[in-house]
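As structure tokens, the structure follows; a few thoughts come after it.
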Amino acid sequence: MNNTIIYLIGHYGVGKLTIGKAICAATDARLFDNHLANNVIFSLVRADGSTPLPEGVWPLIMTIRRQALSAMVHLAGPQASFVLTNALMDDDPMDRQALHEVMEAARQRGGIFVPVFLTASDAAHAARIPSPERESRLKTTDAEKAERKRHTRPLVRLDHPNRLDLDTTHLPPAEAARLIIEHAERLA
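Pasting the structure below:
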């Protein structure tokens with residue numbers, strides 16, 4: 001897999017990070033999990049995954065994400081591939097902007113953009129959300145809050161020819177990674 005940006009998009013607890021790690025383990029891709037950017041700021045404001053965040057957090061995080069995208073475009077080698085993760089909501093202009101900026105980074109690199117939308121059943125979400133690992137990574141651990149968000153805030157809409165949709169409810173991460181890699185390689 002060369003010069004590809006795979007963007008794993010899904011609500012909390014669908015396995016974005018776990019699948020992203022599996023893709024990177026099976027390829028030479030580099031992982032930029034959304035919490036790499038988020039946690040720079042979250043750690044400073046002592047985010048705990050349930051208390052509302054202070055106003056102004058997201059523009060600061062977007063600045064960090066933009067710098068990472070700039071590094072991908074201007075500093076990474078021309079054959080480098082990346083796996084990015086995020087929960088992008090359709091009703092959030094900043095999320096739509098983030099999607100556009102990732103697509104633009106792929107275009108500037110002359111690479112392939114592969115948006116992957118991940119879903120899971122309510123039961124799978126409920127089992128995955130309240131975990132010590134999520135808490136240690138400053139992720140949401142409130143299953144009720146996550147369920148409300150899933151049911152009231154749809155993921156960003158994107159009609160893209162390279163799009164792949166996967167339900168991770170019963171799909172092991174390694175199998176999901178294999179399907180995504182095969183899809184990306186077909187597009188190359």
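Following UniProt numbering, the numbering of the sequence shown begins with 1 at its first residue and continues without gaps.
Don't be surprised by glycine CBs; every beta carbon is placed ideally from N, CA and C.
Give the DSSP bridge partners of L10, in chain order. On the sequence shown, position 10 is the one that residue 10 refers to. A small fix is needed here, since residue 10 is Gly in this sequence, not Leu. Note: G10 sits in a beta bridge opposite L118.
Can you check DSSP and say which residues form a bridge with N86? Position 86 of the sequence shown holds residue 86. In DSSP, N86 forms a bridge with I9.
Proximity winner among N3, I19, M1 and Y7, relative to T169 (alpha-carbon distances): The sequence position of residue 169 within the sequence shown is 169, counting from 1. That would be I19, whose Cα lies nearest to the Cα of T169.
Per DSSP, D167 forms a beta bridge with which residues? Start at 1 with the first residue of the sequence shown, and residue 167 comes out as number 167. Looking at the DSSP assignment, D167 forms a beta bridge with T119.
Residue from W58, L84 and G110 with nearest C-alpha to V40: Taking the sequence shown and counting its residues from 1, one reaches residue 40 at position 40. Here the closest residue by C-alpha is W58.
Just verifying my parser: in three-state terms, what is the DSSP assignment at T51? For the purposes of this step, residue 51 is taken as the residue at position 51 of the sequence shown. Three-state result, T51: coil.
What separation, rounded to the nearest whole angstrom, lies between the Cα atoms of D48 and G77? Along the sequence shown, read from residue 1 onward, the residue named residue 48 stands at position 48. Along the sequence shown, read from residue 1 onward, the residue named residue 77 stands at position 77. Between D48 and G77, the C-alpha separation is close to 36 Å.
What does a CB cutoff of less than 7 Å around P115 pick up in its chain, not counting 5 residues either side in sequence? The residue you call residue 115 lines up with position 115 of the sequence shown. Excluding sequence neighbours, P115 sits near Y7, I9, L158, H160, N162 and R163.
For A30, which residues does DSSP report across the bridge? Stepping through the sequence shown from its first residue, residue 30 is reached at position 30. Rather than Ala, the amino acid found at residue 30 in this sequence is Arg. Answer is F82, bridged to R30.
How far does the alpha helix (DSSP H) with L155 in it extend, from its first residue to its last? Residue numbering aside, residue 155 sits at position 155 when the sequence shown is read from its first letter. No alpha helix (DSSP H) holds L155; DSSP gives it neither H nor E.
Hey, could you find the ends of the alpha helix (DSSP H) M103 is sitting in? In the sequence shown, counting from the first residue as 1, residue 103 sits at position 103. P93 to R109 is the extent of the alpha helix (DSSP H) around M103.
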